[in-house]
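Engineer: There's a structure below that I have some questions on.
Structural data, given as structure tokens:
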């Protein structure tokens, strides 16, 4: 996470220069052997020009190496690019408030942005920083830091926080000059709820940093907990009372196409959806590969009607939600349908006041703005009792063409493309092809041909998603290598991690050429197994370095 020491960088430059010099010497020896000794002893004038050009090229190469940042420095700048403009001189001002984010899917990054903006609007000097930009010396120096830290998987830190976890939190520090607060994001359906945020808080306390207020824990984006954070920040820094936290504005999109990609698959239906902005007057929404769409789900009309019949309520009754009027049925469509047992007051307005809105579902975006459509790839969830998942059932079965979908696009810097042209290894399974397809599209459009895709599913005849598109890219030389694992097609089940293990030498060769690795798909099974193969092949030290540098990125769920 820190820049390389000058002596290490100088050694790298000298080493590369020596290699280049040896290449020049080998070339001259070759010419001596093939042209004869007279060429060296009595070179014609044209040969002097060639020799002079070679020497000039060598000197320019050495100068370039002296000026060239190391790969790790370039990667760190890539990860920090989104915050560089907002940081400015505030980063070096001791009175500035640093809002530090550790984000896996972009939500913590977004909340850190909002916190920074609210402080600046109140006249406080605040700047945004990725956790990989914070080293031990910065903490020892003191000041005030606000951490917005998410947890991924079963208690893991976001990928770009591994360097901070190992290099900063892995050693003791005197933090008596530091004041801090932690906003921890998590999901109570996982056993290690808010684990990384708690770990940061405990480490800071253990090393005598002074909490500005107690850790605030947020379960799955709970608005009340987020409002608590806003209020505590406002009170601590004596700013105006924070306005109540509001979920981000959703835009209206229209379903224009839907196709089942794998009819008859053993794994259940996978659908490819295309949507377009409803309002042509609004500014076109932009996104890039790696970004996420948050879709507001709806209960099916049949589910709402069954509930209304059980409750004995009229769905056309007008109710008030905030400062707007709507029908009770419309409100029910957007909220969790409550259990009626023990509920005596069934007045529609009373019931509506206690409803909890359905939480948005996140989908990796499988297209680029230049495609003209916002595209998803999602699996139709069928529960054990035969009922459909709320959002996938609505999108795949109940939503009609030309009907409206409310959603917003969320930036996800932790899965954005590389800022430099380097080879890319893309690994995924199932609907993870969506996020990988977005990256492939962006690289193909930019003319980056060094792409290697490893993809796994159940059977080739049913589940080879986007077969024609991938084949076309292969034929055009834009997809250098394609490894497929269809687990149900052979006597022995083979998964994407097995294909990666078989190609271990190739994996080493690509990484030696500065390749980045992107993984998208299942958190259960695929992602841990792929990580295990990568670590076995490359070693933990290099893998952790790649995580910290942003060359190893994951979007898993």
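In my numbering, the protein residues as written are 581 to 1137.
Idealized CB from N, CA, C, for every residue including glycine.
Considering only C-alpha positions, which residue in the set 1110, 772, 994, 890 is nearest to residue 733?
Structural biologist: Comparing Cα positions, the closest option is 772.
Engineer: If you count every other CB in all the chains shown that lies within 10 Å of the CB of residue 796, and 16 or more means buried, which is it?
Structural biologist: It is buried - the Cβ of residue 796 has at least 16 other Cβ atoms within 10 Å.
Engineer: Helix, strand or coil, according to DSSP, for residue 903 in the structure here?
Structural biologist: DSSP places residue 903 in coil when its eight states are reduced to three.
Engineer: Going by the beta-carbon positions, is the gap between residue 739 and residue 1067 smaller than 8 Å?
Structural biologist: Cβ distance not < 8 Å, so residue 739 and residue 1067 don't count as in contact.
Engineer: Under a three-way DSSP split, which group does residue 1000 fall into?
Structural biologist: Reduced to three states, the DSSP call for residue 1000 is coil.
Engineer: Is the Cβ-Cβ distance between residue 972 and residue 958 less than 8 Å?
Structural biologist: Going by C-beta atoms, residue 972 is nearer than 8 Å to residue 958.
Engineer: Scan the stretch 892-972 and note each continuous beta strand (DSSP E) run of 3 residues or more that stays entirely inside, going in chain order.
Structural biologist: List check, beta strand (DSSP E) in window: 898-901, 904-907, 941-944, 954-959.
Engineer: Kindly indicate which three-state DSSP category residue 770 falls into: helix, strand or coil?
Structural biologist: The answer is coil: DSSP assigns residue 770 none of H, G, I, E or B.
Engineer: Verify whether the separation of the beta carbon atoms of residue 840 and residue 847 is less than 8 Å.
Structural biologist: Contact: no.
Engineer: Measure the C-alpha to C-alpha separation of residue 695 and residue 680 and round it to an integer number of angstroms.
Structural biologist: If you take the alpha carbons of residue 695 and residue 680, they lie about 10 Å apart.
Engineer: How is residue 1120 classed by DSSP in three states: helix, strand or coil?
Structural biologist: Reduced to three states, the DSSP call for residue 1120 is helix.
Engineer: Comparing alpha-carbon positions, which option in 853, 713, 1024 lies nearest residue 1057?
Structural biologist: Nearest C-alpha to residue 1057: 1024.
Engineer: Would you report the Cα separation of residue 934 and residue 891, rounded to the nearest angstrom?
Structural biologist: C-alpha separation (whole angstroms): 15 Å.
Engineer: Report, in whole angstroms, the separation of the C-beta atoms of residue 675 and residue 705, which I expect to be a contact under 8 Å.
Structural biologist: At roughly 6 Å, the Cβ-Cβ gap stays under 8 Å, so residue 675 and residue 705 are in contact.
Engineer: Using the DSSP secondary-structure output, state which residues sit across from residue 1172 in a beta bridge.
Structural biologist: No answer is possible for residue 1172: the residues shown for the chain start at 581 and end at 1137.
Engineer: Under the rule that 16 or more other beta-carbon atoms within 10 Å means buried, what is residue 647, buried or exposed?
Structural biologist: Annotation note: pLDDT 40 at residue 647 (below 50); position unreliable, coordinate value reported separately. Counting Cβ neighbours within 10 Å, residue 647 comes out exposed, since fewer than 16 surround it.
Engineer: Pull up the distance between the alpha-carbon of residue 656 and that of residue 835, whole angstroms please.
Structural biologist: With a pLDDT of only 38 at residue 656, under 50, the local geometry of the prediction cannot be trusted, and the value read off the model is given with reservation. Looking at the two C-alpha atoms, the distance is approximately 39 Å.
Engineer: Within 10 Å of its beta-carbon, does residue 1000 have 16 or more other beta-carbons around it, so buried, or fewer, so exposed?
Structural biologist: Exposed.
Engineer: Under the rule that 16 or more other beta-carbon atoms within 10 Å means buried, what is residue 1131, buried or exposed?
Structural biologist: Classification of residue 1131: buried, given that the 10 Å Cβ count is 16 or more.
Engineer: Please state whether DSSP places residue 643 in a helix, a strand or coil.
Structural biologist: Reliability of the predicted coordinates at residue 643 is poor, the pLDDT of 46 falling under 50, and no value is obtained from them.
Engineer: Run through the stretch 764-811 for me and flag every whole beta strand (DSSP E) of 3 or more residues, listed as ranges in chain order.
Structural biologist: Whole beta strand (DSSP E) segments, 3+ residues: 796-799.
Engineer: Could you check where the beta strand (DSSP E) with residue 1051 kicks off and where it finishes?
Structural biologist: Element bounds for residue 1051: not the beta strand (DSSP E) but the alpha helix (DSSP H), 1047-1055.
Engineer: Whole angstroms is fine: what's the gap from residue 743's alpha carbon to residue 1134's?
Structural biologist: If I take the Cα positions, the gap works out to 16 Å.
Engineer: Below 8 Å between beta carbons: does that hold for residue 1086 and residue 986?
Structural biologist: Not closer than 8 Å, so no.
Engineer: Does DSSP classify residue 1032 as helix, strand or coil?
Structural biologist: Reduced to three states, the DSSP call for residue 1032 is strand.
Engineer: Determine the direct distance from the alpha carbon of residue 810 to that of residue 804, and round the result to whole angstroms.
Structural biologist: Approximately 10 Å, taken between the alpha carbons.
Engineer: The beta strand (DSSP E) with residue 1132 in it runs from where to where?
Structural biologist: Taken as a continuous stretch (DSSP letters only), the beta strand (DSSP E) holding residue 1132 covers 1132-1136.
Engineer: Rounded to a whole number of angstroms, what is the C-alpha to C-alpha distance between residue 1069 and residue 1009?
Structural biologist: Each residue's Cα considered, the two are about 15 Å apart.
Engineer: At the level of alpha carbons, what is the spacing between residue 1052 and residue 992?
Structural biologist: Those two C-alpha atoms are separated by around 29 Å.
Engineer: When you compare only the Cα positions, how much space is there between residue 1078 and residue 754?
Structural biologist: Straight-line Cα distance between these residues: approximately 46 Å.
Engineer: CA-CA distance, residue 833 and residue 1084?
Structural biologist: Rounded to the nearest angstrom, the two C-alpha atoms are 44 Å apart.
Engineer: According to DSSP, what are the bridge partners of residue 863?
Structural biologist: Beta-bridge pairing links residue 863 to no other residue.
Engineer: Based on the DSSP output, what are the partners of residue 851 in its beta bridges?
Structural biologist: 840, 958.
Engineer: Could you pull the start and end residues of the alpha helix (DSSP H) that residue 701 belongs to?
Structural biologist: Its alpha helix (DSSP H) spans residues 687-701.
Engineer: Determine the contact status of residue 792 and residue 816, defining contact as a CB-CB distance below 8 Å.
Structural biologist: Closer than 8 Å, so yes.
Engineer: Okay, do the stretch 1114-1129 and the stretch 1025-1042 touch, 3+ Cβ pairs below 8 Å being the bar?
Structural biologist: No, the stretch 1114-1129 does not touch the stretch 1025-1042.
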